[in-house]
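With our numbering applied, the sequence shown covers 55 to 201.
Where a beta carbon is used, it is the ideal one built from N, C-alpha and C, also for glycine.
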Amino acid sequence: MNKGVGFGGGGSGPTAAAFAVAAQKQKNLLQRVDNDITNIVDNFSFLVNVARVNDPPVRNSQEAFMMEMRAARAVQAADSLLKLVSELKQTAIFSGFASLNEHVEQRTLEFNQQAEKTEQMLAKVGEEAATSLKELESHYYSSIQRT
């Protein structure tokens with residue numbers, strides 16, 4: 055239960071650092087997405103351009119080799135994009151758990167504060183009840199109807 059350590063004056067440092075790391079990671083992921091999509095589009099457009107049938111057999115074999123190479127590159131880029139999507143899903147899940155844990159801790163603090171306020175209120179009500187009971191006892195014992 056040492057989670058209370060670290061609250062106070064130096065609390066903005068870790069959040070700023072975490073924000074900077076998250077921003078850098080987002081920038082890297084966006085660059086990867088752009089690169090992968092550009093690769094897929096470039097390789098596909100090259101495949102479409104090379105797919106013409108020509109008469110010389112040597113040229114056709116060269117074009118077939120280029121088509122295979124470009125197709126392999128397009129598949130690699132698509133695979134990289136799929137891995138990126140998987141990584142993004144994992145990041146979303148784990149960051150969701152982190153924010154959920156943070157929310158639970160925040161709610162726990164709020165409930166602890168409410169419990170303290172309730173205990174203080176109950177103590178005050180108890181003191182007022184004891185004071186009123188003493189007054190009522192003194193009136194009862196000093197009244198004529200008691201006898």
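The DSSP-derived three-state label of residue 197 is coil. Between the segment 98-105 and the segment 122-134, the count of C-beta pairs closer than 8 Å reaches three or more; the two stretches touch. Annotated three-state conformation of residue 105 is coil, per DSSP.
Around the Cβ of residue 133, a 10 Å sphere holds fewer than 16 other Cβ atoms; the residue is exposed. For the pair residue 119 and residue 143, the Cα-to-Cα distance works out to about 36 Å. Ranking 124, 78, 82, 104 by CA distance to the CA of residue 93 puts 124 first.
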